[in-house]
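Structure first, commentary second.
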Amino acid sequence: MKKISLRNCNGILFISSISGSAITFRAYSSCHCSKKSISVEDKLGLNSGNLDDAVPLFHQMKFGIPISDFILNNMINSFCLMYRVDCAFSVLPIYLKNGVSFNAVTFTTLIRGLFAENKVKDAVELFKKLLERNREYTDIAFYSVVINGLCKNGKLDEAHAVFEKHCFTGLLPDVRTYNVLINGFCLEQLFDEAKDILRKMEDNGCSPDRVTYNVIVQGFLRCNKISEMTSFMKEMVGRGFSFDAGTAALLVNVVRENPSVLDMIPELHSNNKK
């Protein structure tokens, strides 16, 4: 039996156990919650960032809020946004008790939450186990979240391996998936690899978007690679894309050090922007 060990809101251990094709969860009820009631809007929004507002929903659902995958997925997302992935896992028994099926959103959100709290080993373990149970996972967003989490936690080789293994075996990556991996390479200053992914992206019929070019230009700006940045800037502008706020801020910093870069900026205003 494989175990993913996590702790609840009060630091008390609970375990998500994985054995064979089954995944079981030990719930807990020791999360602190306030006694005050919350409005229907709060119940449905679930994004206040206040744990004391989210937890009472466990106990108030039976008073008029139907239990559905939409509501439960939003609860999980809210806990993850508050960096309480431990509490998010404790929602899973509610699905089972009420006959509500898990879906791709459920586990995609949990994996994103694990990565956000740097629980990389747990996230990868859950990802692998889910694939063992369902080898034909067809939601590309599921893989994008895993690739993004690995990249942000410095596991670029693992991210690339996931991309190569799962995104070209009948499941076509979308522009977000490509952008996530390109960003990972740029953050590690692996620009040849980033450009290779960009070309592979186009060869596979997926057109780069504004995010794609901003990610690459930002990578060059961070490393002060002005020549390479200029080349991609011209290609970017030629396709009608404009800088986002992050790129503009980095460009301002570069211009302070190298005012000659200003000579390239007028080109941005002579083309249509998308």
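Residue 1 is where the sequence shown starts when you use the UniProt record's numbering, and the numbers rise one by one after that. Ideal placement from N, C-alpha and C gives every residue a C-beta, glycine not left out.
Report task. State yes or no: is the C-beta of Asp69 within less than 9 Å of the C-beta of Val100? Result -> Val100 sits close to Asp69, with the two beta carbons spaced by under 9 Å.
Query - Bounding residues of the alpha helix (DSSP H) (the contiguous stretch that carries Gln218) - result: Element bounds for Gln218: Arg210 to Arg222.
Query raised in the report: Out of curiosity, what's the CA-to-CA distance linking Val254 and Pro208?
Result: Their backbone Cα atoms lie some 25 Å apart in a straight line.
**Report entry** Spatial distance of Leu172 from Leu131 (CA atoms)
**Finding:** In this model, Leu172 and Leu131 are separated by some 17 Å (Cα to Cα).
Query - Status (buried if at least 16 other CB within 10 Å, exposed otherwise) for Arg112 - result: The residue in question, Arg112, is buried, as its Cβ has 16 or more Cβ neighbours within 10 Å.
Requested in this report: Please check the pair Gly154 and Phe115, which I expect to be a contact at CB under 8 Å, by giving their CB distance rounded to whole angstroms.
Outcome: Cβ atoms of Gly154 and Phe115 stay farther apart than 8 Å, at about 12 Å.
Report task. For Phe241, name the three-state secondary structure that DSSP assigns. Result -> Of the three classes helix, strand and coil, the one that applies to Phe241 here is coil, per DSSP.
Query raised in the report: For Gln189, is the classification buried or exposed, using 16 other Cβ atoms within 10 angstroms of its Cβ as the cut-off for buried?
Result: The residue in question, Gln189, is exposed, as its Cβ has fewer than 16 Cβ neighbours within 10 Å.
**Report entry** 6 Å Cβ shell around His166 - same chain, five flanking residues per side excluded
**Finding:** Closer than 6 Å at the Cβ level, and outside the excluded window around His166, lie Tyr143.
Query raised in the report: Are the beta-carbon atoms belonging to Val175 and Cys151 less than 9 Å from one another?
Result: In this structure, Val175 sits away from Cys151, with a CB-CB distance that is not shorter than 9 Å.
Query raised in the report: Anyone know if the C-beta pair for Ala141 and Thr108 falls short of 9 Å?
Result: Taking 9 Å as the cut-off, the Cβ atoms of Ala141 and Thr108 count as close.
Query raised in the report: With DSSP run on the structure shown, which of helix, strand or coil describes Pro173?
Result: It is coil, neither helix nor strand.
Report task. Measure the alpha-carbon distance for Asp196 versus Ile67 and round it to whole angstroms. Result -> Their Cα atoms are separated by approximately 46 Å.
Requested in this report: Could you tell me how far apart the beta carbons of Ile216 and Ala194 are, in whole angstroms, since I believe they sit closer than 8 Å?
Outcome: Contact between Ile216 and Ala194 holds, with the beta-carbon distance rounding to 6 Å and staying under 8 Å.
Requested in this report: State buried or exposed for Lys128, treating a residue as buried only when at least 16 other CB atoms are found within 10 Å of its CB.
Outcome: Exposed.
Query raised in the report: Using the beta-carbon count (16 or more within 10 Å), is Asp263 buried or exposed?
Result: Asp263 should be labelled exposed.
Query raised in the report: Should Ser242 and Arg210 be called a contact, given that it needs their Cβ atoms to be closer than 9 Å?
Result: Their beta carbons are under 9 Å apart, which means Ser242 touches Arg210 by this criterion.
Report task. Taking Pro93 as part of the alpha helix (DSSP H), name the residues at either end of that continuous run. Result -> According to the DSSP assignment, Pro93 belongs to the alpha helix (DSSP H) that extends over Leu92 to Lys97.
Query raised in the report: Gly246: buried (16+ other C-beta within 10 angstroms of its C-beta) or exposed?
Result: Looking at its Cβ environment, which holds fewer than 16 other Cβ atoms inside 10 Å, Gly246 is exposed.
Query raised in the report: From this set, Val146, Asn258, Val105 and Met82, which residue's C-alpha is nearest Lys121's C-alpha?
Result: Answer by Cα proximity: Val146.
Query raised in the report: In chain order, what residues of the same chain have a beta carbon less than 7 Å from the beta carbon of Asn179, not counting five sequence neighbours either side?
Result: Closer than 7 Å at Cβ, skipping near neighbours: Val211, Thr212 and Val215.
Query raised in the report: Can you list the alpha helix (DSSP H) stretches of 4 or more residues lying completely in the segment 99–141, in chain order?
Result: Complete alpha helix (DSSP H) runs here, min 4: 104–116 and 120–133.
Query raised in the report: In terms of residues, what are the limits of the alpha helix (DSSP H) holding Val85?
Result: Note, Val85: alpha helix (DSSP H), Val85 to Phe89.
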